[in-house]
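Residue numbering for the sequence shown follows the UniProt record's numbering, beginning at 1 and increasing consecutively.
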Amino acid sequence: MIDESLLNTVSNKLKKKNLSIATAESCTGGLLAHLLTNISGSSEYFERGVVTYSNISKIELLGIPKETIKDYGAVSEETARAMAIGIKEISNVDIGISTTGIAGPTGGTKEKPVGLVYIGIATSKNTQVKRFIFSENRLQNKERT
């Protein structure tokens, strides 16, 4: 279930601080951009969203080095960091947000189970990545992310 009050709070803070945002999504398939733009007035802060589901799209659209994906995988802290930085830089925004993970119900391994998600946030000051492990339910994983 999506928390509408959280989305409104985010929207209001972005507008109040005059901040712009762009998203680079993999496992969420554009859901984050969809939710951010469901709010009236989102054009004041939302620049763009890209769905970079395949490895090649991450490389071509976001400028992620092939070595990052080869060495760490598409679902990794390093890739989430590079995605957030990449979308921030190509979009010329204040905040870049990325999502990458294994939505499920298949595709997981012992090292990277279904429900593993990384969320990256890049600003001019720093870049942070958070790791989460959700459930084996694909839709719930996308919504929780």
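Positions of the beta carbon are idealized from the N, C-alpha and C atoms, including for glycine.
Quiz item: Which stretch, first to last residue, makes up the beta strand (DSSP E) that contains V50?
Solution: 46–51 is the extent of the beta strand (DSSP E) around V50.
Quiz item: Can you round the beta-carbon distance between T123 and L32 to whole angstroms, since I take them to be within the 8 Å contact cut?
Solution: Contact doesn't hold; Cβ gap of about 17 Å is too wide.
Quiz prompt | Alpha carbon of I119 to alpha carbon of Q128, nearest angstrom | solution = Distance from the CA of I119 to the CA of Q128, rounded to the nearest whole angstrom, comes to 8 Å.
Quiz prompt | Integer Cβ distance of T23 from G49, believed to fall under 8 Å | solution = Confirmed, Cβ separation roughly 4 Å.
Quiz item: Cβ atoms of G29 and K142: under 9 Å apart, would you say?
Solution: Yes; because the gap between Cβ atoms is below 9 Å, this pair is in contact.
Self-check item: Spatial neighbours of Q140 in its chain, beta-carbon cut-off 8 Å, leaving aside the 5 residues before and after
Solution: Closer than 8 Å at Cβ, skipping near neighbours: F134.
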